[in-house]
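Presented below is the structure to which this report refers.
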Amino acid sequence: MDELDLLAHGALIAAALWMIGPFWRARDRHPAGWPGVGLFVSVAGFALLRVFHDLEVRPFWTALAQALAVSGPFFFWRTVRTVFEDGFRPRLWHWGGLVVLEALALARLIWPDAPFGPALRAAAGVLIAHALYLLLRGAGGDLVEARIRARGRILIVAALLALVTLSRPLLADAAPALAYALRRLTPIIDIVLMAAAAQHFFRFERALLPLSPPRPPEGGGADPDAADLARLDALMDQEAVWREPGLTVAALAARAGIPEYRLRRLIMERRGARNFSAFLAERRLAEAAARLADPKEAKWGIAAIAFDSGYASLGPFNRAFLARYGVTPSAYRRGERGQESTPNP
Numbered sequence: 004m005d006e007l008d009l010l011a012h013g014a015l016i017a018a019a020l021w022m023i024g025p026f027w028r029a030r031d032r033h034p035a036g037w038p039g040v041g042l043f044v045s046v047a048g049f050a051l052l053r054v055f056h057d058l059e060v061r062p063f064w065t066a067l068a069q070a071l072a073v074s075g076p077f078f079f080w081r082t083v084r085t086v087f088e089d090g091f092r093p094r095l096w097h098w099g100g101l102v103v104l105e106a107l108a109l110a111r112l113i114w115p116d117a118p119f120g121p122a123l124r125a126a127a128g129v130l131i132a133h134a135l136y137l138l139l140r141g142a143g144g145d146l147v148e149a150r151i152r153a154r155g156r157i158l159i160v161a162a163l164l165a166l167v168t169l170s171r172p173l174l175a176d177a178a179p180a181l182a183y184a185l186r187r188l189t190p191i192i193d194i195v196l197m198a199a200a201a202q203h204f205f206r207f208e209r210a211l212l213p214l215s216p217p218r219p220p221e222g223g224g225a226d227p228d229a230a231d232l233a234r235l236d237a238l239m240d241q242e243a244v245w246r247e248p249g250l251t252v253a254a255l256a257a258r259a260g261i262p263e264y265r266l267r268r269l270i271m272e273r274r275g276a277r278n279f280s281a282f283l284a285e286r287r288l289a290e291a292a293a294r295l296a297d298p299k300e301a302k303w304g305i306a307a308i309a310f311d312s313g314y315a316s317l318g319p320f321n322r323a324f325l326a327r328y329g330v331t332p333s334a335y336r337r338g339e340r341g342q343e344s345t346p347n348p
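Start counting the sequence shown at 4; every next residue gets the next number (this note's numbering).
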C-alpha cells in the first residue's frame, strides 16, 4: 500500500467516524441511533481491514477489523428500517442476520479453502437488497421531505458502489490496467460519496432523527393553512375517502385541489403523521374496531368490515389490527382485549 492509498483509506476512516456523530447524539431518543453508530463503525472497520491486510498487521487486529467490516450490511439494514420505516419494532430474532454474517466470516478464517466467502457475500447481499427494496416500497407514502430525498440518494449511492464493486473482478482479466485504476480510485470514490451523504444528513438531521413530533405554528394571526386543512378534513371526515382501497397521496391531493408537496407537508406538520399509510390506517382500524365491538354489526363478516374500512385484502388488515390492538379481529369481536400499541404516525 503506497502513501496515496494510505491517505485515502485514512480519510475514509475519518469520514466514517465523523458520520457517527449525529447517530451518537440520537442514541437515547431515536431507535436509529445505535444502528447508525454500528453502520459507520463498520465502514471504518472495512477501511482498516484493507490497511491491516496490506501492512501485514498481527492477525488479531485483522480479525477484529474484519468482524467490524462484515457487520456493515446488517447495520445498514437496521438503520434503513429504523429511519425510514415508521412503526418498525426491533425483535430479538433480527439479530440473527448479524450472527450469520459473523459466523460465516469466522468460518472463512478457520477454513479458508471452504466456500464460505460466496456464502458471506450472498448473506450480505440479501440484507442490502431487502433494505433497498424497503426504500423503494415506502417512497410513495413518505411524508417527510428529507426522507424522500434521502431515499433516492441512498439508492443512487448503492447503485454506484455496486457498479464499482462488481466491475473490478470482471475487468481483472479483460482490462487489468483499468481494473487497477479502479482499485486505486475506489477509496476516493467512497470518500466523495461519504462526504455527499454527510452533507445531506447533517442538513436534514432534525427531520431524519426528530427530537419530538412536529407542532402546529403558533401566533395570533390568520392561519395560512386554514383553507387547505378544511378541504383535507372535509375529505377525511365527511366524505371518508380513507375507505377507498389504494388511495395515494397524489390522488388525495388531486381531490383536495392541493399540490402534492404541500399536502405532504400539511399532513406531517399539522396532523402529526410521517407516513401516509399510517395516516389512513389509524382511521381504518378505528372504524373496524368500532364495528367489531358493536353487536348490531354481528351480521357482517370480518372480511366485509375490512373491505368496507378501505383494505383491499384480509391479510394486511389482520396484521395491522393485531399490531394495533394486540389481538386478532376475531378475538376482538369476542370481547378479548390485548395490549394496544400507540398509534404510530
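Don't be surprised by glycine CBs; every beta carbon is placed ideally from N, CA and C.
Taken through DSSP and simplified to helix, strand or coil, Asp226 comes out as coil. Of all C-beta pairs linking the segment 89-108 to the segment 60-73, three or more are shorter than 8 Å, placing the two stretches in contact. Its chain contains Gly313 as the residues whose beta carbon lies nearer than 6 Å to that of Arg246, once the 5 sequence neighbours on both sides are disregarded; these appear in chain order.
Closest in C-alpha terms to Leu288, from the list Asp31, Gly24, Ala259, Tyr328, comes Tyr328.
One alpha carbon belongs to Arg258, the other to Phe119, and they sit about 55 Å apart.
With contacts defined as CB atoms closer than 7 Å, Leu42 and Thr82 qualify as a contacting pair.
Under the 8 Å Cβ criterion, the segment 150-166 does not count as touching the segment 292-312, having fewer than three qualifying pairs.
When the beta-carbon positions are compared, Phe79 and Ala134 come within less than 7 Å of each other.
Per DSSP, reduced to three states, the secondary structure at Asp236 is helical. The segment 138-155 makes contact with the segment 267-286: 3 or more CB pairs, one atom from each, lie closer than 8 Å. Annotation for Arg336: the continuous alpha helix (DSSP H) segment containing it runs 332-336.
In this structure, Ile23 lies near Val40, with their beta-carbon atoms less than 7 Å apart. DSSP lists Asp145 as the beta-bridge partner residues of Asn278. Cα atoms of Leu20 and Phe282: separation of roughly 36 Å, rounded to the nearest angstrom. About 6 Å separates the CB atoms of Phe87 and Arg150; that is less than 8 Å, so the two are in contact. When secondary structure is reduced to three states using DSSP, Ala35 falls in the coil class, being assigned neither helix nor strand. By the C-beta density criterion, Pro179 is exposed, having fewer than 16 other C-beta atoms within 10 angstroms.
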